[in-house]
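Colleague: This structure is in structure tokens; I'll ask about it shortly.
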């Protein structure tokens with residue numbers, strides 16, 4: 099769940115639909131260290147990665163880009179198409 103204002107990304111485990119749990123928080127520093135901020139939309143890629151579109155660069159200026167994460171650990175990965 100991207101949070102535009104805080105530049106955090108909340109990963110929610112819904113394996114138990116009636117008991118969702120917070121799995122991980124991706125802090126803004128991870129995004130900024132990769133040159134992006136203001137997360138917007140998540141996309142599942144066919145290679146198993148999760149791609150996150152963003153609305154800003156590391157300084158918060160309007161420049162859309164993407165960052166990818168492993169779909170199991172949600173650690174930052176290099177985009178591989």
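Numbering (this note's numbering), first residue to last: 99 to 179.
Cβ atoms here follow ideal geometry from the backbone N, Cα and C, with glycine treated the same way.
A quick note: this is a predicted structure, and the numbers were derived from the prediction, not measured.
For the 8 Å Cβ check, are there 3 or more pairs between the stretch 142-151 and the stretch 111-118?
Modeller: Short answer: they don't touch.
Colleague: Quick check on this structure: which residue in 131, 113, 173 and 170 has the alpha carbon closest to the alpha carbon of residue 255?
Modeller: For the chain, the structure presents residues 99 to 179; residue 255 sits outside this window and is missing.
Colleague: Could you compute how far the alpha carbon of residue 106 sits from the alpha carbon of residue 164?
Modeller: Answer to the nearest angstrom: the Cα atoms are 15 Å apart.
Colleague: Any idea if residue 136 is buried or exposed, counting beta-carbon neighbours within 10 angstroms, 16 or more meaning buried?
Modeller: When all chains shown are included, residue 136 counts as buried.
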